[in-house]
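There are 2 protein chains.
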Amino acid sequence: MTNKIKDVSAKAGVSPTTVSRVLNNSKLVNEKTKRKVLKVIEEMGYIPNASAKNLRSKKTMTIGVIVTDILVSYNADIIKGIENMANSLNYKIIICDAQDQKEKEIDYLNLLYNRTIDGMILVTSTLSDQEIIKIAEQGYNIGVIGRNIDHDLVSCVYNDNLKAVQEVIDHLVQNGHKDIAFISGLKDAVDSHERLEGYMKALKRNQLPFDPELVDNGDFSEYGGYEAIKRIIQRGKKFTAVFAANDEMALGVYNAFKELNIKIPEQIAVVGVDNIRVCSYVSPKLSTVAQPKYSMGALMTEKLIDQMNENKYTSSRTFKVSSTLLVRQSSDHEL
Amino acid sequence: MTNKIKDVSAKAGVSPTTVSRVLNNSKLVNEKTKRKVLKVIEEMGYIPNASAKNLRSKKTMTIGVIVTDILVSYNADIIKGIENMANSLNYKIIICDAQDQKEKEIDYLNLLYNRTIDGMILVTSTLSDQEIIKIAEQGYNIGVIGRNIDHDLVSCVYNDNLKAVQEVIDHLVQNGHKDIAFISGLKDAVDSHERLEGYMKALKRNQLPFDPELVDNGDFSEYGGYEAIKRIIQRGKKFTAVFAANDEMALGVYNAFKELNIKIPEQIAVVGVDNIRVCSYVSPKLSTVAQPKYSMGALMTEKLIDQMNENKYTSSRTFKVSSTLLVRQSSDHEL
DNA sequence: GTGAAAGCGCTAACAA
DNA sequence: TTGTTAGCGCTTTCAC
Numbered sequence: 001m002t003n004k005i006k007d008v009s010a011k012a013g014v015s016p017t018t019v020s021r022v023l024n025n026s027k028l029v030n031e032k033t034k035r036k037v038l039k040v041i042e043e044m045g046y047i048p049n050a051s052a053k054n055l056r057s058k059k060t061m062t063i064g065v066i067v068t069d070i071l072v073s074y075n076a077d078i079i080k081g082i083e084n085m086a087n088s089l090n091y092k093i094i095i096c097d098a099q100d101q102k103e104k105e106i107d108y109l110n111l112l113y114n115r116t117i118d119g120m121i122l123v124t125s126t127l128s129d130q131e132i133i134k135i136a137e138q139g140y141n142i143g144v145i146g147r148n149i150d151h152d153l154v155s156c157v158y159n160d161n162l163k164a165v166q167e168v169i170d171h172l173v174q175n176g177h178k179d180i181a182f183i184s185g186l187k188d189a190v191d192s193h194e195r196l197e198g199y200m201k202a203l204k205r206n207q208l209p210f211d212p213e214l215v216d217n218g219d220f221s222e223y224g225g226y227e228a229i230k231r232i233i234q235r236g237k238k239f240t241a242v243f244a245a246n247d248e249m250a251l252g253v254y255n256a257f258k259e260l261n262i263k264i265p266e267q268i269a270v271v272g273v274d275n276i277r278v279c280s281y282v283s284p285k286l287s288t289v290a291q292p293k294y295s296m297g298a299l300m301t302e303k304l305i306d307q308m309n310e311n312k313y314t315s316s317r318t319f320k321v322s323s324t325l326l327v328r329q330s331s332d333h334e335l
Numbered sequence: 001m002t003n004k005i006k007d008v009s010a011k012a013g014v015s016p017t018t019v020s021r022v023l024n025n026s027k028l029v030n031e032k033t034k035r036k037v038l039k040v041i042e043e044m045g046y047i048p049n050a051s052a053k054n055l056r057s058k059k060t061m062t063i064g065v066i067v068t069d070i071l072v073s074y075n076a077d078i079i080k081g082i083e084n085m086a087n088s089l090n091y092k093i094i095i096c097d098a099q100d101q102k103e104k105e106i107d108y109l110n111l112l113y114n115r116t117i118d119g120m121i122l123v124t125s126t127l128s129d130q131e132i133i134k135i136a137e138q139g140y141n142i143g144v145i146g147r148n149i150d151h152d153l154v155s156c157v158y159n160d161n162l163k164a165v166q167e168v169i170d171h172l173v174q175n176g177h178k179d180i181a182f183i184s185g186l187k188d189a190v191d192s193h194e195r196l197e198g199y200m201k202a203l204k205r206n207q208l209p210f211d212p213e214l215v216d217n218g219d220f221s222e223y224g225g226y227e228a229i230k231r232i233i234q235r236g237k238k239f240t241a242v243f244a245a246n247d248e249m250a251l252g253v254y255n256a257f258k259e260l261n262i263k264i265p266e267q268i269a270v271v272g273v274d275n276i277r278v279c280s281y282v283s284p285k286l287s288t289v290a291q292p293k294y295s296m297g298a299l300m301t302e303k304l305i306d307q308m309n310e311n312k313y314t315s316s317r318t319f320k321v322s323s324t325l326l327v328r329q330s331s332d333h334e335l
């Protein structure tokens, strides 16, 4: 069988504890002893058993990440940020693809309960604030990306949706647009509420009326955006710009206008959110709001690990990050 | 503290062993006893400790996945296939983003050695065949996606590159092309060799001469493709079609021809490989070779888990999958 | 069908 | 600075 600490300690003429101390970089060990032990470890090709260590130390140095769908590039960018930061702090990550099923999401939380992982990061979860708070109050380390939950035990990194939306509307108004349609996301998504709120506030600030007939919901998919804009068009109201709550739906809007032979941006301006890769490849290039996804993942991870190790209440567990409006061809035209 | 098996067994009036049997669906337990134990578990909200279980049973039900870069959609698709299959077989996956660094890749293999994971899947690894075989011979479960390693202990799922390339060349020849440039990938990538070989074979089969001046290497990036095609153009040879070893490089080819005001597909045909999402959004839509990425990931996972549990030599650990040529606008024009 | 005893390989607590 | 002892919580014998 493989070597154990006992084998190393016997060969090095020290106790298992000393070997353990060397392995864990404890200062409580003489430099000379350390070198001797290290040499034996090298010679024997000894590798510590992680399961035994986990059991005894009650830590696994692993963080779980639940995402709705790995393939969505928004999530992939965040995962990259999480993985990189985790790795640099000696943590591993377990990826959980919930496939848009709340049931699966709840299932994955077992990794937290059965101590497979030390903490969990939820990327745009479908769990309610209350459900998440309850988990945190049971003593589990949990963080959420994309939403602000007001609780000392839940770390959050989220976006300043209001500011982002206002920036978009201001930009469109500056280009002479007065009738701006808005395609919101799923009705019960937190982001959707905030963005709709931002839309209304921004209209007011620009002294423009709010017309509910110019608003509809999509499901964040390309086809959902296509259908939503079709519904808005059918209502017969005039509008010269469309703001979609994400890029996928904005692409659906492109499809609808292509069918109708309406030119973007000459006849209609379109702006999305997320800055997915396709934005720069479609014609015309799609204006969008870019979120610092990688940084959001990295920041969340740093804070969660901090929380796990400090294990104390800090008042600032919540981080609001800003996004950037990228004006491309699809909205770069003055009326 | 949290409940342990002992607490459950005491309350249920049975031995810890029996509780363990219930937990693991052993048949060696009376239906009545089982129900009783289950009821107590439910009441106490008992959750087994995974670390203890891992230590004792010498399994973690976890598979590691090393990818060069999560953000590359080719990898993301494969990961999705792996995650889904693993999950359905009750396994978890740990994602390792090697960020194109061989050093990091080697580092991650420690997860295998220290028993954090039961097996490892390499997605287009930079390790040599010999290095991988050595790991397998040490008794670790390892599988590779994207390459065929001829060894009983290494599971492989890879693509029939030769056939794919021949299909592309045949398609171009059918459309009247006789001078077909080829942009290969990194010189030392296995895929590159195979695709170049396929290119030469296909030319021969169509009785076309092979001109090395129509071949160049890129680094699989968009800009790499741009530079490669520029070099080929500068040599002054005539050609009417370009086959790039992946879509990113094909996009670089688009950029070069746009600069030169040369029309695709009227003046030049372009075909890529991978079927990344952007293909369908650029103008003209890019013809490409689609690999069954999701299935490759799923298949690999199924086979690796099989291998881990059967723990016996099987002669067929190697699976060749076929790809599909998707003819879109960029090559849909007869000369 | 059930249980008692042993121990997976490590580290924490305490003692020296 | 080092070592001894005692378990972490589970499953695996082996016995009944």
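Going line by line, the protein sequences match chains D and B. Everything in the first sequence is counted per the UniProt record's numbering, starting at 1 for the first residue and increasing by one. Everything in the second sequence is counted per the UniProt record's numbering, starting at 1 for the first residue and increasing by one. We treat Cβ as the ideally placed atom computed from N, Cα and C, and that holds for glycine. Being a predicted model, the structure only gives us computed values, none of them experimental.
In this structure, DSSP gives residue 27(B) a state outside helix and strand, which the three-state scheme calls coil. Closest in C-alpha terms to residue 335(B), from the list 295(B), 264(B), 319(B), comes 264(B). When 9 angstroms is used as the limit between beta carbons, residue 328(D) is near no residue of chain B, the shortest such separation being about 14 angstroms. The count of Cβ pairs closer than 8 angstroms, one atom from the segment 52-72 of chain B and one from the segment 46-53 of chain D, reaches three, so the stretches are in contact.
Look at residue 220(B) here: in three-state DSSP terms it is coil, with no helix or strand label.
For residue 67(D), the uninterrupted beta strand (DSSP E) segment begins and ends at 62-67.
At a cut-off of 8 angstroms, the C-beta of residue 235(B) has no neighbouring C-beta in chain D.
Residue environment for residue 6(D): exposed (fewer than 16 other C-beta atoms within 10 angstroms of its C-beta). Cβ proximity to chain D below 7 angstroms picks out 70, 71 from the segment 62-75 of chain B.
When the five nearest sequence neighbours on each side are left out, the beta carbons in the same chain lying within less than 6 angstroms of the beta carbon of residue 270(B) are those of 242, 250, 253, 264, 330, in order along the chain.
Within the segment 104-187 of chain D, the complete alpha helix (DSSP H) runs of at least 4 residues fall at 110-113, 129-137, 161-174. By alpha-carbon distance to residue 245(D), the top candidate from 287(D), 238(D), 205(D), 210(D) is 287(D). Residue 319(B): member of the beta strand (DSSP E) spanning 318-321, first to last residue. Here the C-alpha atom of residue 46(B) lies approximately 6 angstroms from the C-alpha atom of residue 3(B).
The three-state secondary structure of residue 257(D), taken from DSSP, is helix. Per the DSSP secondary-structure output, residue 96(B) pairs in a beta bridge with 66(B).
Where residue 330(B) is concerned, there is no enclosing beta strand (DSSP E), because DSSP gives it neither an H nor an E. Within chain D, the residues placing a beta-carbon under 8 angstroms from that of residue 278(B) are 277, 278, 281, ordered along the chain. For residue 288(B), the enclosing beta strand (DSSP E) covers residues 287-290.
The continuous alpha helix (DSSP H) containing residue 190(D) extends over residues 190-205. In chain order, 51 make up the part of chain D whose C-beta sits under 7 angstroms from the C-beta of residue 60(B). For a Cβ distance threshold of 8 angstroms, residue set 80, 83, 84, 87 of chain D lies close to residue 97(B), ordered along the chain. In the structure shown, residue 236(D) falls within a coil segment according to DSSP collapsed to helix, strand and coil.
Note that the C-beta distance between residue 67(D) and residue 40(D) is not below 8 angstroms. The continuous stretches of beta strand (DSSP E) do not include residue 13(D), and DSSP gives it neither H nor E. With respect to the C-alpha of residue 126(B), the residue from 186(B), 307(B), 309(B), 239(B) having the closest C-alpha is 186(B).
Counting C-beta pairs with one atom in each stretch, the segment 70-87 of chain D and the segment 89-100 of chain B have three or more that are closer than 8 angstroms, which means they touch.
Counting along the chain, residue 269(B) sits inside the beta strand (DSSP E) bounded by residues 269-273. Against chain B, a Cβ distance below 8 angstroms from residue 77(D) picks out 71.
Each of 296(D), 326(D), 247(D) was checked against the Cα of residue 225(D), and the nearest Cα belongs to 247(D). Shown here, residue 215(B) sits in a strand according to DSSP, grouped into three states. In the DSSP assignment, the residues bridged to residue 244(B) are 183(B). The shortest C-alpha to C-alpha distance from residue 238(B) to any of 261(B), 259(B), 220(B), 213(B) is the one to 213(B). Within chain D, no residue has its CB atom less than 7 angstroms from the CB of residue 209(B), the nearest being about 35 angstroms off. Its Cα nearest to that of residue 148(B), the residue 156(B) stands out among 193(B), 156(B), 134(B). Residue 113(B) holds the alpha-carbon nearest to the alpha-carbon of residue 138(B) among 128(B), 160(B), 113(B).
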